[in-house]
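Visitor: Protein chains in written order, with the UniProt record's numbering: chain X, 1 to 817; chain W, 1 to 154.
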């Protein structure tokens, strides 16, 4: 079988195809631990949990251990392909550093204990605080990496049983703007498009979305189109020279924080040149006059001045978008984590609405997710949303949810929007949240302005429960640490960025006494003795499948209708896209093809928010604006960023990901192939800035913002002059100091989505020490590609060789179970 | 003419809004939900002042030179006294909401005047600015709604 160094070639071998053709199959396989295929005892069905693409795969099990993975050829998402994190990330499961027993704090030290002792402490403190202060003392901060069943249970426990409004996920950092932008434009969350739109599109537009690194397999799909006949044209908006920018026909690199200005310039051109589907706009939208008025005085010249992008390029972009016959757009963190996040993302929706580019093959839109199961955090209501996209501001929806849960509707808090993560930490800082349960995430590295976050987590007045796989930087500050099972060690479902639901089955036993998150939440509920109206234990379910069945009932008649999906239907074949119900038993590839939206006042998830102030609109106002439930063209004015470069801090600082690492590296940092490809933090500097500052490739520099400092080696690359980039993955569990990018980021967030602004801060940089010829520890295959051609190329070597079987069948045809 | 009084009053009132919004941002510097948005909203009021000053010129008035800054005692009234910072936040937001509602009424009146005078330019000015004042008031109200439950139950 042919193989490839998949660290050196993250996207693997090209399988070119033309418009409207089916994406060819290529099955990728990696077996580690010296295992050969004939030694594999079982292949167990699952999907990837290290990014939001949802690559379907089978887990290889040998003698009760995970020894490898293989892509699932029959799945619509990846047709057998796996990315480097899929291929190598599973090794972290087998790490000796896994937590195997609960820990409790005794005399300031964390010591091992049994589950009863640990859980009793959690329960005792919960009860004390509920008696003393009530539900407002209790907060939950979860993840984008648990399973649907676990989020749904957490939502039921938090919103239903305890009745606290303080529940959010770290999805706030990655996907809150996707949800907010969809609600603003379409009345409800839910990705309109499908990955298969790439097969049909004639123009692809990627806004702040480095797809090549964040959704590597999806990018392979794009590369295959680009290598085939009649390739699509590609527009890239990104201040960095990402692999997407390098492949694009047109690359716009706006100054960080100016996306709304850029989008308004593009919309101005579309309207001025009348590249508008007026029939569609008339029949299916409201708000056109207001949008036209807003962008009338905002020609490309005005945008150019603000964004630092030539007006002619903005016109070219408008021409490309305006002449597309099948336009597919994706948006991600370059918009979501930047100034005016929701306002900017909404303008991409507006392009599609103006052009009637929704719901047919190639004409689609994905407001992407960052994390693997972020979609489920949102739809289950384990973040600042309510279960199954219900509207917290609509009493009928609350009554309905209370009926599903069989509890009193007054128990479900709905007097304000659910508290978002940054505000939860603020309440903890001020001492009104006194119990915080963090599951599957590491805010001590991932939240902005870390010095402050650490001081909050360390507070005596805060009882901190952390549930995780490893003793993370956050867990080290906890009062109780609960060891959790992870992917491959438990059963459940999760949903990717294009609404594809996958089943992930238990392949091996968790290490030691580690338990599935679902079991931990249910154990807590039983020990707290939560009851429903009939006196039965609440939640009423007891294992993954009964939780899934209960979830289905909560989704009936809602946009994310799961009622047609069962565990059995998910076994063996491809993942299924919701909504899937009696009317649509095979699921739904694209939403809104009929031009009808979930936006009617009685059904919408949100009445929307003011794009500048973030103030929620009230029902009366919404009814007046959108009585028939059409899509909404929402206009937004450009506002300057709150922290602009200048004076002592002349650079714009942005942070983000690299292809080989995920989140705070708790898993990828423990997979040798991935970690060695990007072992240590670096800072990206443009060639012209580097020359001016006398900084060379690999030199040790200090980067500082008004809030903190990072020491890193400089990578001189194609980033926009005036901008610095740092990967945010690097914390402190495996050594180092002054290396977490979030020491520097600003405590500011989008007023609409409440997503923190990781991409709009001001910073300075100075040389500390010459590198002496050693290059920065940054990959050469990605956005951090060096200008200096002498830097050795990133390779994984023999250990990173993975099998590739390109269509035509054979021994690697995927067989599950 | 009464319209001049209305212009002068509104100019002063928008000046108070700028002061109140900036004071809010400064006084509650730990409340990041408020810090940045209140500064953004102060920009609107500042822009309104500039536009009103331009309009004033057409009526032979020099609004900028007439002391648009609030009097010292009015600033104190905005700032309030020492006490529980959370309750102070609610009080400040409540005060801001009242102030913005007052300004909203003033814009309404100016719009009526503009129509009666047939001053198209002034009418368009009120049509641009008044909605932003309403959004300022709506924001203050929304922040009150969002902030109050935690303050009142802890």
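Ideal Cβ positions, reconstructed from N, Cα and C, are used throughout, including at glycine.
Fair warning: this is a prediction, and the values are worked out from it, not measured in the lab.
#1: Please check the pair residue 701 (chain X) and residue 712 (chain X), which I expect to be a contact at CB under 8 Å, by giving their CB distance rounded to whole angstroms.
#2: What do you get for residue 620 (chain X), buried or exposed, if any count of 16 or more other CB atoms within 10 angstroms of its CB means buried?
#3: Could you say if the segment 566-576 of chain X and the segment 591-603 of chain X meet the contact criterion of at least three C-beta pairs nearer than 8 Å?
#4: For residue 150 (chain W), go through chain X and note every residue whose CB falls closer than 7 Å to its CB, in chain order.
#5: Pick out whichever of X:631, X:612, X:84 and X:78 has its Cα sitting closest to the Cα of residue 677 (chain X).
#6: Just curious, the alpha helix (DSSP H) that residue 538 (chain X) is in, first and last residue?
#7: Does any residue of chain X have a CB that is nearer than 9 Å to the CB of residue 136 (chain W)?
#8: Looking at residue 494 (chain X): is its Cβ nearer than 9 Å to the Cβ of residue 49 (chain X)?
#9: Under 6 Å Cβ to Cβ from residue 165 (chain X), same chain only, skipping five residues before and after it: list those, please.
#10: Report the option in W:32, W:39 and W:136 whose CA atom is closest to the CA atom of residue 757 (chain X).
#11: What residue ranges within the segment 121-186 of chain X form continuous alpha helix (DSSP H) runs of no fewer than 4 residues, ordered along the chain?
#12: Among all the DSSP beta bridges, which residues are the ones paired with residue 380 (chain X)?
#13: Note down the Cα distance separating residue 80 (chain X) from residue 93 (chain X), rounded to an integer number of angstroms.
#14: By how many angstroms is the C-alpha of residue 804 (chain X) removed from the C-alpha of residue 1 (chain X)?
#15: At least one CB of chain W closer than 9 Å to the CB of residue 173 (chain X): is that the case?
#16: Across which residues does DSSP place residue 329 (chain X) in a beta bridge pair?
#17: On the DSSP letters alone, give me the boundaries of the beta strand (DSSP E) that residue 805 (chain X) sits inside.
#18: Answer yes or no: do residue 800 (chain X) and residue 661 (chain X) have a C-beta to C-beta separation smaller than 9 Å?
#19: With DSSP as the reference, label residue 69 (chain X) as helix, strand or coil.
#20: Can you list the residues of chain X that residue 25 (chain W) reaches, using a CB-CB cut of under 9 Å?
#21: Just confirm the distance between the C-beta atoms of residue 100 (chain W) and residue 133 (chain W), as a whole number of angstroms; I'd bet it's less than 8 Å.
#22: Short of 7 Å in beta carbon distance, which residues of its chain neighbour residue 341 (chain X), apart from the five on each side in sequence? Order them along the chain.
#23: Shorter than 9 Å from the beta carbon of residue 68 (chain W) to some beta carbon of chain X?
#24: Would you tell me roughly how many angstroms separate the C-alpha atoms of residue 522 (chain X) and residue 146 (chain W), rounded to the nearest one?
#25: Using the beta-carbon count (16 or more within 10 Å), is residue 305 (chain X) buried or exposed?
#26: Using a Cβ-Cβ cut-off of 9 Å, state whether residue 93 (chain X) counts as contacting chain W.
#27: Quick one: list the residues of chain W neighbouring residue 614 (chain X), beta-carbon separation under 7 Å, in chain order.
#28: What's the C-alpha gap between residue 125 (chain W) and residue 51 (chain W)?
#29: For a minimum of 4 consecutive residues, which ranges assigned as the alpha helix (DSSP H) are wholly contained in the segment 213-277 of chain X?
#30: Please check if any C-beta of chain W sits within less than 9 Å of the C-beta of residue 422 (chain X).
#31: Secondary structure at residue 571 (chain X), three-state DSSP: helix, strand or coil?
#32: Starting from residue 128 (chain W), trace the alpha helix (DSSP H) in both directions and tell me its first and last residue.
#33: Could one say the Cβ of residue 145 (chain X) lies closer than 9 Å to chain W's Cβ atoms, at least one of them?
#34: If you compare alpha carbons, which of X:611, X:314, X:649 and X:37 is closest to residue 634 (chain X)?
#35: Which chain W residues are close to residue 747 (chain X), counting only those with a beta carbon under 7 Å from its beta carbon?
#36: So the beta strand (DSSP E) residue 463 (chain X) belongs to, where does it begin and stop?
Guide: On the basis of the coordinates in this document:
#1: Here residue 701 (chain X) corresponds to residue number 701 of the first chain, with the count starting at 1. Here residue 712 (chain X) corresponds to residue number 712 of the first chain, with the count starting at 1. Indeed they touch by this definition, with Cβ atoms about 6 Å apart.
#2: On the first chain, position 620 is the one that residue 620 (chain X) refers to. It is exposed - the Cβ of residue 620 (chain X) has fewer than 16 other Cβ atoms within 10 Å.
#3: Flag = no, the segment 566-576 of chain X and the segment 591-603 of chain X do not touch.
#4: By one-based count along the second chain, residue 150 (chain W) stands at place 150. What residue 150 (chain W) touches in chain X: 136, 427 and 432.
#5: As a first step, residue 677 (chain X) is located in the first chain; it is residue number 677 there, counting from the start. Per the Cα distances, X:84.
#6: Residue numbering aside, residue 538 (chain X) sits at position 538 when the first chain is read from its first letter. Where residue 538 (chain X) is concerned, there is no enclosing alpha helix (DSSP H), given that its DSSP letter is neither H nor E.
#7: Locating residue 136 (chain W) in the second chain gives position 136, where the first residue counts as 1. With 9 Å as the cut-off, residue 136 (chain W) counts as an interface residue toward chain X.
#8: As a working mapping, residue 494 (chain X) is identified with position 494 in the first chain. As a working mapping, residue 49 (chain X) is identified with position 49 in the first chain. Taking 9 Å as the Cβ cut-off, residue 494 (chain X) and residue 49 (chain X) qualify as a contacting pair.
#9: As a first step, residue 165 (chain X) is located in the first chain; it is residue number 165 there, counting from the start. So the list reads 413, 418 and 419, once near-sequence residues are dropped.
#10: The count along the first chain starts at 1 and reaches residue 757 (chain X) at position 757. With distances taken between Cα atoms, residue 757 (chain X) lies closest to W:32.
#11: Runs of the alpha helix (DSSP H) spanning 4 or more residues and lying entirely within the segment 121-186 of chain X occur at 148-155 and 176-186, in chain order.
#12: Along the first chain, one-based indexing puts residue 380 (chain X) at 380. None; residue 380 (chain X) has no bridge partner.
#13: Start at 1 with the first residue of the first chain, and residue 80 (chain X) comes out as number 80. Start at 1 with the first residue of the first chain, and residue 93 (chain X) comes out as number 93. Going from the Cα of residue 80 (chain X) to the Cα of residue 93 (chain X) covers about 22 Å.
#14: For this step, residue 1 (chain X) is matched to residue 1 along the first chain. For this step, residue 804 (chain X) is matched to residue 804 along the first chain. Distance between the alpha carbons of residue 1 (chain X) and residue 804 (chain X) is about 7 Å.
#15: Within the first chain, residue 173 (chain X) is the residue found at index 173, counting from 1. The Cβ of residue 173 (chain X) sits no closer than 9 Å to any Cβ of chain W.
#16: In the first chain, the residue the question calls residue 329 (chain X) occupies position 329. Looking at the DSSP assignment, residue 329 (chain X) forms a beta bridge with X:205 and X:365.
#17: The count along the first chain starts at 1 and reaches residue 805 (chain X) at position 805. DSSP places residue 805 (chain X) inside the beta strand (DSSP E), whose first and last residues are 801-806.
#18: Taking the first residue of the first chain as position 1, residue 800 (chain X) is located at position 800. Taking the first residue of the first chain as position 1, residue 661 (chain X) is located at position 661. Against a cut-off of 9 Å, the Cβ pair of residue 661 (chain X) and residue 800 (chain X) comes out as no contact.
#19: The residue you call residue 69 (chain X) lines up with position 69 of the first chain. In the structure shown, residue 69 (chain X) sits in a strand (DSSP, three-state: E or B).
#20: In the second chain, residue 25 (chain W) corresponds to position 25, counting from 1. The contacting residues do not exist; residue 25 (chain W) stays about 11 Å from chain X at best.
#21: Against the second chain, residue 100 (chain W) aligns to sequence position 100. Against the second chain, residue 133 (chain W) aligns to sequence position 133. The pair is a contact, with the Cβ atoms about 6 Å apart (cut-off 8 Å).
#22: In the first chain, the residue the question calls residue 341 (chain X) occupies position 341. Counting only Cβ-Cβ distances below 7 Å, and skipping sequence neighbours, we find 177, 335, 750, 753 and 755.
#23: Here residue 68 (chain W) refers to the residue found at position 68 when the second chain is read from its first residue. Residue placement at residue 68 (chain W) is flagged as unreliable, the pLDDT there being 48, under the threshold of 50; the coordinate-derived value follows with that caveat. False, the Cβ-Cβ gap to chain X never drops below 9 Å.
#24: Counting from 1 along the first chain, the entry for residue 522 (chain X) is found at position 522. Counting from 1 along the second chain, the entry for residue 146 (chain W) is found at position 146. Distance between the alpha carbons of residue 522 (chain X) and residue 146 (chain W): 30 Å.
#25: Position 305 of the first chain holds residue 305 (chain X). Taking every protein chain shown into account, the CB of residue 305 (chain X) has fewer than 16 other CB atoms within 10 angstroms, so this residue is exposed.
#26: Your numbering for residue 93 (chain X) matches position 93 in the first chain. Using beta-carbon distances, residue 93 (chain X) does not count as an interface residue toward chain W, since no partner is under 9 Å.
#27: Here residue 614 (chain X) is taken as the residue at index 614 of the first chain, counted from 1. The contacting residues are 37.
#28: Start at 1 with the first residue of the second chain, and residue 125 (chain W) comes out as number 125. Start at 1 with the first residue of the second chain, and residue 51 (chain W) comes out as number 51. Taking the straight line joining both Cα atoms gives about 8 Å.
#29: Counting whole runs of 4 or more residues, the segment 213-277 of chain X contains the alpha helix (DSSP H) stretches 216-227, 243-247 and 259-272.
#30: Translated into the one-based positions of the first chain, residue 422 (chain X) becomes position 422. Yes, residue 422 (chain X) lies at the interface with chain W (some Cβ there is under 9 Å from its Cβ).
#31: Position 571 of the first chain, counting from 1, holds the residue named residue 571 (chain X). In this structure, residue 571 (chain X) counts as coil in the three-state DSSP scheme.
#32: Along the second chain, read from residue 1 onward, the residue named residue 128 (chain W) stands at position 128. Its alpha helix (DSSP H) spans residues 120-153.
#33: Position 145 of the first chain, counting from 1, holds the residue named residue 145 (chain X). Not an interface residue.
#34: Residue 634 (chain X) sits at position 634 when you count from the first residue of the first chain. X:611 is the residue among X:611, X:314, X:649 and X:37 whose C-alpha sits nearest the C-alpha of residue 634 (chain X).
#35: Taking the first residue of the first chain as 1, we reach residue 747 (chain X) at position 747. Taking a Cβ-Cβ cut-off of 7 Å, the neighbours of residue 747 (chain X) in chain W comprise 32, given in sequence order.
#36: Locating residue 463 (chain X) in the first chain gives position 463, counting from the first residue. Segment 463-468, the beta strand (DSSP E) holding residue 463 (chain X).
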